[in-house]
Each structure stands twice: as C-alpha cells, then as structure tokens.
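Beneath this line is the structure, given in structure tokens, with notes to follow.
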Amino acid sequence: MPRCARKVTAVGEDIHQLAWADVCGVAVRINIALVCEGSPQELIGPVGVGARRLCHEPAR
Numbered sequence: 000m001p002r003c004a005r006k007v008t009a010v011g012e013d014i015h016q017l018a019w020a021d022v023c024g025v026a027v028r029i030n031i032a033l034v035c036e037g038s039p040q041e042l043i044g045p046v047g048v049g050a051r052r053l054c055h056e057p058a059r
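Those letters in the sequence shown? Residues 0 to 59, by numbering that gives the first Met the number 0.
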C-alpha cells in the first residue's frame, strides 16, 4: 500500500491558532502548539516523524 503524503499547508500568526494540513488529499485542522518551537511559518511543508507520532496516537 503506498504511503499518503502529509504536509502542513497553512498556519496562523501564533502557535495558539490551528494550522491546516493536507493528509492524503483531505484538508484537516491541526494543533501545532506541542510541536512548534519557533515561528509557525517554519512548519509549512512535509510533516516529520514527531508530528506523525502525535497525530496518530490514540487519545488517553
């Protein structure tokens, strides 16, 4: 099965605003507060392994 692309496509002014991501062709809103260490603009582009782990872990 081919892996689908995941990338952040848009961010807000600060980490407290939800960002937009494209996951396998579906636009979703994501919380970047836990993975953003600098400017939110730095997160635009392909999603890394750390963000993938956060997005796919079940809620506790």
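For every residue, glycine included, the Cβ atom is placed at its ideal position computed from N, Cα and C.
Exercise. In the DSSP assignment, find the beta strand (DSSP E) that holds valine 22 and state where it starts and stops.
Key: On the sequence shown, residue 22 is found 23 positions in, with the first residue counted as 1. Counting along the chain, the beta strand (DSSP E) containing valine 22 begins and ends at 18–22.
Please say whether cysteine 35 and valine 22 have beta carbons closer to each other than 8 Å?
On the sequence shown, position 23 is the one that residue 22 refers to. On the sequence shown, position 36 is the one that residue 35 refers to. Cβ distance not < 8 Å, so valine 22 and cysteine 35 don't count as in contact.
*Please list, in chain order, all residues of the same chain as valine 7 whose beta carbon is under 6 Å from its beta carbon, the five residues on each side excluded.*
Within the sequence shown, numbered from 1, the residue matching residue 7 stands at position 8. The answer, listed in chain order, is Ala18, Ala20, Leu42 and Ile43.
### Query
Of the choices Val25, Gly24 and Ile29, whose alpha-carbon is the least far from that of glutamine 16?
For the purposes of this step, residue 16 is taken as residue 17 along the sequence shown, with counting starting at 1. Nearest Cα to glutamine 16 within the set Val25, Gly24 and Ile29: Ile29.
>> Can you tell me whether valine 25 is buried or exposed? The criterion is at least 16 other CB atoms within 10 Å of its CB, across all chains shown.
In response: As a working mapping, residue 25 is identified with position 26 in the sequence shown. When all chains shown are included, valine 25 counts as exposed.
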